[in-house]
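So the sequence lines, in the order shown, correspond to chains A and B.
Using UniProt numbering, the first residue of the first sequence is number 1, and each one after it goes up by one.
Using UniProt numbering, the first residue of the second sequence is number 1, and each one after it goes up by one.
Every residue, glycine too, gets a C-beta built ideally from N, C-alpha and C.
Right, one structure below, let's go through it.
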Amino acid sequence: DKRLSSCLSFVHCFKKVEWGKKMTSRGQLKAALHYTVSCMCQRVAEQHQREFNRQLVAAITETAYRQCDIFAKDLEAFARHGKRSTVSTEDVKLLARRSTALVSFVHIQNKLEVLTQEQKDKKKSAGKKKSKDTEDSTQ
Amino acid sequence: MFLFQETVGKLLSSFFKEDKTKLGGDAVLLMAEMLKVFVQEAAMRTLKQAESEDCDQVDIEHFEKILPQLYDFGLGDFA
């Protein structure tokens, strides 16, 4: 689809140019989200030798965008419940707990936690407590 | 994917009700992963729906049919 590819390259250029400035407008954020979603959709479509309709990609973007709204409101409430003003990984875990379809996410989450803990361990050589934590999360 | 994390961070912060709420660095990483899984799940389910109907073109009507399945993700009342 020529129009789609030209649209994508436009968004790509636009992102590179505009990224230095602060992206505050929701329209711009949505455009950035749309770019990533269309990349993911294209990858899935290519793997299965199918084509994704432009309208469909836009619909998935819209769903993801509204999902973000719900996620953000939940995360904020969780953080406030924990008497914090910063959303932590614990809040994200609580959010993921509700998603039964996210079985694969559990693996991803564990992997990521191990990765981030490893990064922290490298930074702080005296991290005996943290290596214990990674062991717990992999179990 | 670094840019995507930045997008997710800004997107989530823009939805917070209170300005003083902030996002931790690791939380952004996980949320980016979560959204990626969400989009891939939506795309795959739509594709399977199209395959079951023997359609080469994956269309928005296939997505409409699988949209209720995304309730599993804790989708709110909009769908």
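Alpha-carbon to alpha-carbon, residue j and residue i
{"i": "residue 72 of chain A", "j": "residue 53 of chain B", "result": "36 Å"}
{"i": "residue 90 of chain A", "j": "residue 37 of chain B", "result": "19 Å"}
{"i": "residue 144 of chain A", "j": "residue 51 of chain B", "result": "Only positions 1 to 139 of chain A appear in the structure, and residue 144 of chain A is not among them; the question remains open."}
{"i": "residue 7 of chain B", "j": "residue 55 of chain B", "result": "33 Å"}
{"i": "residue 36 of chain A", "j": "residue 83 of chain A", "result": "34 Å"}
{"i": "residue 41 of chain A", "j": "residue 75 of chain A", "result": "27 Å"}
{"i": "residue 45 of chain B", "j": "residue 124 of chain A", "result": "43 Å"}
{"i": "residue 20 of chain B", "j": "residue 32 of chain A", "result": "24 Å"}
{"i": "residue 30 of chain B", "j": "residue 92 of chain A", "result": "7 Å"}
{"i": "residue 42 of chain B", "j": "residue 26 of chain A", "result": "22 Å"}
{"i": "residue 15 of chain B", "j": "residue 30 of chain A", "result": "13 Å"}
{"i": "residue 11 of chain B", "j": "residue 122 of chain A", "result": "30 Å"}
Rounded distance between the beta-carbons of residue j and residue i, thought under 8 Å
{"i": "residue 49 of chain B", "j": "residue 66 of chain B", "result": "5 Å"}
{"i": "residue 22 of chain B", "j": "residue 87 of chain A", "result": "7 Å"}
{"i": "residue 54 of chain A", "j": "residue 47 of chain B", "result": "About 16 Å; that fails the 8 Å criterion."}
Short CB-CB distance (under 9 Å) between residue i and chain A
{"i": "residue 59 of chain B", "result": "yes"}
{"i": "residue 26 of chain B", "result": "yes"}
{"i": "residue 53 of chain B", "result": "no"}
{"i": "residue 36 of chain B", "result": "yes"}
{"i": "residue 10 of chain B", "result": "yes"}
{"i": "residue 20 of chain B", "result": "yes"}
{"i": "residue 65 of chain B", "result": "no"}
Neighbouring residues, chain E, relative to residue i (Cβ below 7 Å)
{"i": "residue 48 of chain A", "result": "Going by chain labels, chain E is absent from the structure shown, which instead holds the protein chains A and B."}
For residue i: DSSP bridge partner residues
{"i": "residue 33 of chain A", "result": "In DSSP, residue 33 of chain A forms no bridge with anything."}
{"i": "residue 87 of chain A", "result": "B/23"}
{"i": "residue 57 of chain B", "result": "A/51"}
Residue-level contact to chain B via CB, residue i, 9 Å cutoff
{"i": "residue 121 of chain A", "result": "no"}
{"i": "residue 73 of chain A", "result": "yes"}
{"i": "residue 118 of chain A", "result": "no"}
{"i": "residue 124 of chain A", "result": "no"}
Cβ-based burial, residue i [other Cβ within 10 Å; buried from 16]
{"i": "residue 81 of chain A", "result": "exposed"}
{"i": "residue 67 of chain A", "result": "buried"}
{"i": "residue 3 of chain B", "result": "exposed"}
{"i": "residue 64 of chain B", "result": "exposed"}
{"i": "residue 25 of chain B", "result": "exposed"}
{"i": "residue 85 of chain A", "result": "exposed"}
{"i": "residue 33 of chain B", "result": "buried"}
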